[in-house]
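First residue of the sequence shown: 354, per the numbering used here; consecutive thereafter. Using N, Cα and C, we set each Cβ at its ideal position, and we do this for glycine too. Below is one structure, written out as structure tokens; the observations come after it.
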Amino acid sequence: MALNEFKPPSDFVAEDGGGSGKSWLKWLGIGCGVIVLIIGGLLAVGTWKTASCCGDLYDQARLSVEAGKFSTEFGNDLAQGEVEAARAKMTDALRAEVSADDLQSTLSQYERFLVAGPGRLSNVSVEKKDMDQPTRWKMTLDFAPPAGTEKLVAMLEIISRGEDEAQTFLVDELKFETRTRDISSEPPAVEVLDFHRQLRGGNFENAYRHMSSGFTQQNNVDAFRSFVREQKEVFRTGDVDIQSIDYSGQKKARVVALLTNDSGESARVVYDLVRPVDTVPKWLIEGVTPNYDAAAPAPDGAPDKDEQAGEDGAEQGDAGAGEADAGGGDAQN
């Protein structure tokens, strides 16, 4: 495991005090629902005692949501190689440690991960000792090509400056680390695997619950059941091997899977997934496109979307899913 760490000098790092210690709250994703989680976490450690009203807690939660958005903007700067834009989002202490040349060198070293686009916000922790202390956020951004067994993780510590509407965020600590990637454990892949687990059990209604509103608004459960029955047996009962996940920002992903069975059948299936609610790390399937003529494993890297569209057009027996694809809207932190 490779590690690059950019950290301010020790003079700038406060030591933990005594007393109740740190309170960490972790979640995946950002949005309004996270406010409830943050408030619950703050209440759980007694910080409500120092809050003059619930508005104070709401403000802390709102800041955490904004900090998450700031981190994805910073990740976008990294992915695009915008060194000066990224350094402008750092504290003075961190900029003193990380020169433009240092950061450029690191980004060049990890270019094979960064070319995949903005990092996926995968973990957030908020530290709050009491309402009178500044808040610090620890966040991680995952960068990875659509296929592969490694990923780059950027670990950030973010602080806020200013008050009320004048709040700004700055990166106070930055580390890069390469880690082993288990693509099948990533949330969009888990959704696809669960979907097929329900199909193998003959639970069409449960499988249907994995579909997004963009799909269900055009296809009721009976239409979905008909679509599934029109597919080859491998689609309903085959083993699923996740080949790639192509993320598009924080709310859309395209999963490619190879389905096989003991009879020698195979299918290469493309799933377009969305995360309908920013707050909840729940992905739903918006489009399913089986292809029985191109069932070879996906090559390294993302399937070209224009090329894939051509393959999708050659799809056999996919009227129901094709209809949902067209009407499901966008399919993308």
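Residues sharing a beta bridge with GLU435, DSSP
The partner list for GLU435 (beta bridge, DSSP) is empty, contrary to what the question assumes.
Look up LYS422 in the DSSP assignment and say whether it is helix, strand or coil.
Helix, per DSSP.
Taking the beta carbon of TRP377 as the centre, do at least 16 other beta carbons fall within 10 Å, making it buried, or is it exposed?
Residue confidence is low: TRP377 scores 36 on pLDDT, short of 50, so the model does not pin down where it sits. Its coordinate-derived value is still stated next. Burial call: exposed.
Runs of alpha helix (DSSP H) lying entirely within the region 565-618, each at least 4 residues, in chain order:
566-569, 574-583 and 586-590
In chain order, what residues of the same chain have a beta carbon less than 6 Å from the beta carbon of ARG514, not counting five sequence neighbours either side?
THR521
Between the alpha carbons of GLY555 and LYS605, how many angstroms are there, rounded?
28 Å
Who does PRO643 pair with in a DSSP beta bridge?
VAL622
Taking a contact to mean a Cβ-Cβ separation below 8 Å, would you say ARG532 touches ILE512 in this structure?
no
Under the DSSP definition of a beta bridge, which residues are partnered with SER513?
PHE522
Roughly how many angstroms lie between the CA atoms of GLY501 and PHE580, to the nearest whole one?
32 Å
For ASP646, does the count of other Cβ atoms within 10 angstroms reach 16, so buried, or fall short, so exposed?
It counts as exposed.
Could you work out which residue in ASN573, ASP599, GLU618 and LEU637 is closest to THR590 when comparing CA atoms only?
GLU618
Which partner residues of LEU507 appear in the DSSP bridge assignment?
Per the sequence shown, the amino acid found at residue 507 is Ala instead of Leu. ALA507 pairs with LEU494 and PHE529.
Relative to the C-alpha of SER597, which residue among GLU539, TRP636 and ALA446 is closest?
GLU539
With C-beta atoms as the reference, is VAL506 less than 8 Å away from PHE427?
Not in contact: VAL506 and PHE427 (Cβ atoms no closer than 8 Å).
Please state if the CB of SER424 and the CB of LEU494 are separated by a distance shorter than 8 Å.
yes
Considering Cα atoms alone, identify which of GLU530, ASN614, LEU626 and VAL630 is closest to THR642.
LEU626
How long is the line joining the alpha carbons of CYS406 and GLN603, rounded to whole angstroms?
Because the pLDDT at CYS406 is just 45, under 50, the model does not fix this residue reliably, and the value given afterwards should be weighed accordingly. In a straight line, the C-alpha of CYS406 is about 33 Å away from that of GLN603.
Measuring straight from C-alpha to C-alpha, what distance separates SER458 and VAL545?
38 Å
Give the range of the alpha helix (DSSP H) segment to which ALA469 is assigned.
ALA469 -> no alpha helix (DSSP H), and no H or E assigned at all.
Once DSSP output is grouped into helix, strand and coil, what is the label at VAL627?
For VAL627, the secondary structure class from DSSP, reduced to helix, strand or coil, is strand.
Using a threshold of 8 Å, state whether the C-beta atoms of PHE557 and PHE588 are closer than that.
no
Leaving out five residues on either side along the sequence, give the residues of the same chain with a beta carbon under 8 Å from the beta carbon of LYS442.
PHE423, GLU426, PHE427, ASP430, PHE522, LEU523 and VAL524
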